[in-house]
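**Student:**
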Amino acid sequence: MDAPTPPLYIDRPEDVAVAARALAGGAIVAAAFANFYVIVTRPDAATVRRVNLAKGRPAHQVGSITTAIGRIPGMFDWTRISPRLPVGRVRALMDALYGAGPFGFRGPAADRLPEHLTQIDQGMRTTQVIAPGLTCPSNAFFERALAETGTDHLYITSANRSRHLTGAAEEPAHWKAGALAADFAHLDDLVVLVHRDEAAARAAYPGYLTTSVTLLSFHAPEGDLEEPPVLTVDRHGSLHLDDVRRAAAPLGLQVRLAGGARDRLQVRGYAGALV
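With numbering that gives the first Met the number 0 as the guide, the letters of the sequence shown map in order to residues 0 to 274.
#1: Which partner residues does Gln127 have in the DSSP bridge list?
#2: With a Cβ-Cβ cutoff of 8 Å, do Phe32 and His173 count as a contact?
#3: Alpha carbon to alpha carbon, how far is Thr40 from Asp241?
#4: With respect to the alpha helix (DSSP H) encompassing Thr148, which residues constitute its N-terminal and C-terminal limits?
#5: Nearest to Ser137 by alpha carbon, out of Arg263, Glu221 and Ala200?
#6: For the pair the stretch 53-68 and the stretch 109-117, tell me if three or more CB-CB distances fall below 8 Å.
#7: Assuming the contact rule is C-beta atoms closer than 8 Å, Ala108 and Thr134 should be a hit. Round their C-beta distance to whole Å, please.
#8: Counting Cβ pairs, one atom from each stretch, are 3 or more of them under 8 Å apart for the stretch 49-58 and the stretch 217-229?
#9: Roughly how many angstroms lie between the CA atoms of Ala122 and Arg79, to the nearest whole one?
#10: Note the first and the last residue of the continuous beta strand (DSSP E) segment covering Leu214.
#11: Using only the alpha-carbon positions, how far apart do Met0 and Phe141 sit?
#12: Using only the alpha-carbon positions, how far apart do Pro151 and Leu145 sit?
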């Protein structure tokens, strides 16, 4: 019998290097990310399509992107923001929310981003940037993976099988590596880069649920005349709406739930596990 493969840890540089090289070679990496897990790969269309199919999604479903924390502003085209919305306020809100923990922003896409990682909304080409926050060790993995791939962005998606495949009303993201690996056992090139201590990772983000991030859109502020400008939460995930509002209010911004975000994302349950 073969000896068990030792785990790869997100906070160990040599393990990060192994995972980054595997990603650059086309592997699918499930990575520790703040208080849960995500799937990260190269951003090319063929790899994104393969992950969609592996999850049970439609093959051509548009993907989100991630990058190292300092590169996030460069994923957006700031010249396309409404003149009603001062860029400085949005950048300050981005700094505040990513400074605290995992979050997502949707805004005007930089021209160089490919079509399969962007979508048109209200006549504007947009992209979603999902990041774990300033203090997460996964930033070192992203930096190494970017260097290995020669790109400035990566594809990211939730670490779960699609509800289109399972038939469930919702399939929350995984926050336990063992269960994640079992869900994707059909992938022969899956690399799992784990939290050294999953309980400690969860405890490090007491104000966040262990589920996919809350997503805030800033490409199309609501209303023509309303002040302060109104941004919309398109997905109510790990960070509560009230916390987003508390971060936005001192910057002269309002935050409201979009129509499709009325129900907050669920947390995945495991037999015998407590959060």
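Using N, Cα and C, we set each Cβ at its ideal position, and we do this for glycine too. Owing to the predicted nature of the structure, the values given are computational and were not obtained by experimental measurement.
**Tutor:** Looking at the coordinates:
#1: Arg105
#2: no
#3: 32 Å
#4: Ser137 to Thr148
#5: Ala200
#6: yes
#7: With 8 Å as the limit, Ala108 and Thr134 do not qualify as a contact, their Cβ atoms being about 27 Å apart.
#8: no
#9: The sequence given here places Gly at residue 122; Ala does not occur at that position. C-alpha separation (whole angstroms): 11 Å.
#10: Leu214 to Glu221
#11: Note that Met0 scores a pLDDT of 44, beneath 50, so its modelled location is shaky and nothing firm can be said.
#12: Rather than Pro, the amino acid found at residue 151 in this sequence is Asp. Their backbone Cα atoms lie some 6 Å apart in a straight line.
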